[in-house]
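Single-structure report; data block below.
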Amino acid sequence: MPSSCILLSTTDGVAEVTLNRPDKLNSFTRAMHAELRAALASIRNDTSVRAILLTGAGRGFCAGQDLDDVINPATGKPGTVSNTLLEDYNPLIRALQESLLPVVCAVNGVAAGAGANIALACDVVLAARSAVFLQAFAKIGLVPDAGGSYFLPRLVGMARAKGLAMLADKLPAETALQWGLIWQVVDDDHLMEEARLLARRLATQPTLALGLIKREFHASCGNSLADQLALEADLQSTAAQSHDYHEGVAAFLAKRKPVFEGR
Ligand code: T3D
């Protein structure tokens with residue numbers, strides 16, 4: 218039986234997805250993309266799941282595209298990249314961003330090329346203290362993809378985004394935190410424990426509202442203030458119809474902890 222490139226397990230409302238090609242630093246082949254798509258589809262169909270945790274097996278998080286997998290056997294040279302971008306990476310980045318669930322990423326080691334940008338597409342990114350982020354593209358004559366040219370300027374500003382992409386130097390996790398690229402740095406030995414705690418906490422929150430928060434913030438990057446205010450009013454009226462809003466107010470008034478059901 219072929220070994221699985223993606224591991225999926227669900228506990229306490231959290232679907233933990235592990236990129237699992239540790240010998241190749243979890244770099245992506247097309248087969249691995251297909252497995253990840255299937256895992257995300259099964260998460261979408263599982264109503265018990267209220268948060269996703271993405272991480273990597275072994276010493277790396279993800280080294281981006283598997284550079285062996287791009288070689289056309291007939292020519293011995295890299296083939297066209299557009300298929301894998303249009304059919305694999307772009308849908309993956311959109312699936313992470315458009316998921317109605319909060320997506321936590323535990324960057325357990327190097328995150329390079331598309332691997333770095335997959336992490337940035339998640340909602341809350343924790344990194345091991347030893348992890349590094351690397352926009353490796355320019356080192357092999359490519360440009361940032363998998364959303365890198367979208368996320369980087371928005372997260373760290375144009376000057377740092379250009380420096381990261383053009384120089385393709387390793388950015389240590391601590392600097393990534395200082396620059397606002399990620400949420401938290403955790404000692405290596407405690408990364409998964411902290412990430413699971415955080416994901417489990419998110420899984421007990423008002424899931425519908427968290428999904429709407431994602432929509433609000435993602436739209437804000439391209440909206441005028443007037444459009445954003447209108448969107449807030451629209452999404453707030455949806456949130457206000459939820460069970461969890463009624464529960465939140467009732468719990469506050471009764472001075473007790475709310476029990477959110479995610480609907
Ligand atoms: O289709 C398209 O091309 C378009 C899509 C593009 C998206 C992209 O992501 S382009 C960017 C691709 N990624 C890279 O260029 C990163 C390549 N990797 C590295 O630069 C280094 O491996 C790292 C800086 C990430 C880590 O370095 P280090 O010294 O810690 O590890 P290593 O020894 O280089 O790697 C360990 C093993 O993983 C090694 O295999 P081996 O020799 O033990 O059998 C290495 O070849 C393998 N590996 C690492 N990255 C990749 C890879 N194998 C295939 N593809 C990789 N990307």
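Following my numbering, the numbering of the sequence shown begins with 218 at its first residue and continues without gaps.
Glycine included, C-beta positions come from ideal geometry on N, C-alpha and C.
For clarity, every value in this text was computed on a predicted model and none was experimentally measured.
Sequence-distant residues of the same chain with beta carbon closer than 7 Å to VAL342, five excluded per side: CYS322, VAL324, ALA336, ILE399, TRP400
message: Between LEU242 and ligand 1, is there a pair consisting of the residue's CB and a ligand heavy atom that are separated by less than 7 Å?
response: yes
field: Residues near MET218 in its chain [Cβ-Cβ closer than 6 Å; skip 5 each side]
entry: In this prediction, MET218 scores a pLDDT of 46, lower than 50, which makes its location untrustworthy; the coordinate-derived value is nonetheless stated afterwards. Closer than 6 Å at the Cβ level, and outside the excluded window around MET218, lies no residue.
message: So for MET218, helix, strand or coil by DSSP?
response: The pLDDT assigned to MET218 is 46, lower than 50, so where the model puts this residue is not dependable, and the model offers no usable value.
Status (buried if at least 16 other CB within 10 Å, exposed otherwise) for ILE357: exposed
- request: Look at the alpha carbon of MET383 and the alpha carbon of LYS472, and state the distance between them as a whole number of angstroms.
  value: 54 Å
query: Out of curiosity, what's the CA-to-CA distance linking ARG267 and VAL298?
result: 34 Å
message: Which of the three DSSP states is assigned to THR235 in this structure?
response: strand
- prompt: Does the Cβ-Cβ distance between LEU158 and GLY479 come in under 8 Å?
  reply: Residue 158 lies beyond the stretch modelled for the chain, which goes from 218 to 480, so this question has no answer here.
Any alpha helix (DSSP H) of 4 or more consecutive residues that is wholly inside the region 365 to 410: 365 to 373, 375 to 384, 390 to 395
task: Would you kindly work out how many angstroms separate the C-alpha atoms of GLY326 and LEU309, rounded to a whole number?
output: 21 Å
- prompt: Taking all protein chains shown into account, do 16 or more other C-beta atoms lie within 10 angstroms of the C-beta of CYS438, making it buried, or fewer, making it exposed?
  reply: exposed
field: Whole-number beta carbon distance between LEU351 and ALA385, since they are thought to touch under 8 Å
entry: 7 Å
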